[in-house]
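Trainee: Residue numbers (my numbering): 1 to 336.
Here it is, the structure, as structure tokens.
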């Protein structure tokens with residue numbers, strides 16, 4: 001065998017070994033272990049509870065809801081995973097607010113680069129339903145970032161407050177996939193694909209995309225983009241053309257967002273709560289938020305995979321070998 005052939009064989013064997021090892025470790029350290037603890041620790045009911053921030057009239061309350069992190073439904077949280085955004089928990093919180101007649105206003109704190117198109121739409125639809133059924137105000141307090149899907153869920157609010165250094169905007173849709181066909185070819189790996197139609201493996205990482213496929217996906221992306229623009233236009237009282245002038249994916253700071261009509265004023269979370277009290281003539285409301293009541297998550301709130309030293313090469317190999325999720329449309333800004 002030639003030297004080149006030996007290198008290809010060794011590389012292929014190494015990939016197989018790494019694949020087995022990575023998948024085994026991934027299963028051990030990232031699988032949902034909560035089921036193992038349910039029998040001994042589960043108390044039933046939601047995994048959050050109300051925490052009073054300011055005591056006051058219990059018949060007039062302001063709910064402070066927090067969306068921090070990537071807006072993505074990753075399923076039930078593992079007690080060993082780092083605490084982050086939990087889509088199902090947040091949707092349950094919105095359902096509770098919708099049914100609670102004592103809640104007279106919502107302050108939504110957003111610190112997120114956005115996330116999934118579907119999850120962002122879930123939140124938006126529920127917030128609109130709350131406003132329509134309860135006729136209560138909603139203000140948004142943007143943190144360090146409220147971009148793309150983070151802005152999408154903010155759009156139906158009555159007022160949006162930013163910090164001068166807030167990163168917001170990024171109105172648009174993105175869909176990405178890896179392509180390592182050339183790498184595989186260089187090390188002698190062949191992919192055997194059996195499919196029922198020419199587009200069944202669209203966006204496959206092991207072949208180039210055709211122009212016809214790009215056109216198909218672009219049409220899908222355009223539909224989601226037009227919905228995004230329409231939601232911003234409706235929420236901000238702007239024309240579609242005015243929104244599209246800044247809806248090219250660009251990010252902006254707080255000042256630029258105010259000048260573009262995408263935000264109303266400066267203010268941090270306490271300022272936004274006070275503004276709602278004044279605007280809505282709430283003399284002495286109770287202000288509360290939802291916090292996790294899962295003691296296991298608090299105790300073991302860490303990602304065990306973070307205990308292992310990583311570098312760019314190992315992260316790339318792990319992504320190539322373990323990320324089998326199909327590409328999806330995202331309202332997301334930043335690193336993916």
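No residue lacks a Cβ here, since even glycine has one placed at the ideal position from N, Cα and C.
DSSP beta-bridge partners for residue 112?
Mentor: The partner list for residue 112 (beta bridge, DSSP) reads 146.
Trainee: Kindly indicate which residue of 103, 271, 221 has the alpha-carbon position closest to the one of residue 176.
Mentor: Checked all of 103, 271, 221; the closest Cα to residue 176 is 221.
Trainee: Indicate whether the contact test is met: 3 or more Cβ pairs, each with one atom in the segment 147–158 and one in the segment 59–71, closer than 8 Å.
Mentor: Yes: at least three Cβ pairs fall under 8 Å.
Trainee: Rounded to a whole number of angstroms, what is the C-alpha to C-alpha distance between residue 204 and residue 331?
Mentor: Whole-angstrom Cα-Cα distance: 21 Å.
Trainee: Compute the Euclidean distance between the alpha carbons of residue 89 and residue 160, then round it to the nearest angstrom.
Mentor: Cα-Cα distance, rounded: 24 Å.
Trainee: Which of the three DSSP states is assigned to residue 212 in this structure?
Mentor: Looking at residue 212 - three-state DSSP - the assignment turns out to be helix.
Trainee: Below 8 Å, can you find three or more Cβ-Cβ pairs linking the segment 273–293 to the segment 55–65?
Mentor: Yes: the two stretches touch, three or more of their Cβ pairs being nearer than 8 Å.
Trainee: Are the CB atoms of residue 224 and residue 173 nearer to each other than 8 Å?
Mentor: Yes; because the gap between Cβ atoms is below 8 Å, this pair is in contact.
Trainee: From which residue to which residue does the beta strand (DSSP E) around residue 285 run?
Mentor: That run of the beta strand (DSSP E) goes 285–292.
Trainee: What does the alpha-carbon distance come out to for the pair residue 277 and residue 63?
Mentor: Each residue's alpha carbon lies about 12 Å from the other.
Trainee: How close, in whole Å, do the beta carbons of residue 112 and residue 272 come, if the pair is a contact with beta carbons under 8 Å?
Mentor: Wrong, their Cβ atoms sit about 16 Å apart, outside the cutoff.
Trainee: Alpha carbon to alpha carbon, how far is residue 65 from residue 51? Give it in angstroms, no decimals.
Mentor: If you take the alpha carbons of residue 51 and residue 65, they lie about 11 Å apart.
Trainee: For residue 214, count neighbouring Cβ atoms within 10 angstroms of its own Cβ and tell me buried if that reaches 16, exposed if not.
Mentor: It counts as exposed.
Trainee: Roughly how many whole angstroms lie between the Cα atoms of residue 157 and residue 236?
Mentor: Roughly 8 Å between the two C-alpha positions.
Trainee: Could you pull the start and end residues of the alpha helix (DSSP H) that residue 64 belongs to?
Mentor: That residue, residue 64, is in no alpha helix (DSSP H); its beta strand (DSSP E) goes 57–68.
Trainee: DSSP three-state label for residue 304, please.
Mentor: Because the pLDDT at residue 304 is just 46, under 50, the model does not fix this residue reliably, and the value given afterwards should be weighed accordingly. It is helical.
Trainee: Look up residue 262 in the DSSP assignment and say whether it is helix, strand or coil.
Mentor: If DSSP states are grouped into helix, strand and coil, residue 262 belongs with coil.
Trainee: Classify residue 250 as buried or exposed, calling it buried when 16 or more other Cβ atoms lie within 10 Å of its own Cβ.
Mentor: The residue in question, residue 250, is exposed, as its Cβ has fewer than 16 Cβ neighbours within 10 Å.
Trainee: For a quick check, are the C-beta atoms of residue 164 and residue 86 less than 8 Å apart?
Mentor: No.
Trainee: Using the beta-carbon count (16 or more within 10 Å), is residue 105 buried or exposed?
Mentor: By the 10 Å Cβ count, residue 105 comes out buried.
Trainee: When the distance is taken between beta carbons, is residue 239 closer than 8 Å to residue 48?
Mentor: It is not a contact, given that the beta carbons lie outside the stated cut-off.
Trainee: Can you tell me whether residue 54 is helix, strand or coil according to DSSP?
Mentor: Correct three-state label for residue 54: strand.
Trainee: For residue 154 and residue 108, I'd like the C-alpha separation in whole angstroms.
Mentor: If I take the Cα positions, the gap works out to 8 Å.
Trainee: Who are the Cβ neighbours of residue 93 in its own chain at under 7 Å, not counting the five residues just before and after it?
Mentor: Excluding residues within five positions, the ones whose Cβ falls inside 7 Å are 48, 65, 290.
Trainee: Can you tell me which of 230, 211, 114 puts its alpha carbon nearest to the alpha carbon of residue 144?
Mentor: Out of 230, 211, 114, 114 has the C-alpha closest to the C-alpha of residue 144.
Trainee: What residue range does the beta strand (DSSP E) around residue 90 cover?
Mentor: Premise fails: residue 90 lies in the alpha helix (DSSP H), 87–99, not in any beta strand (DSSP E).
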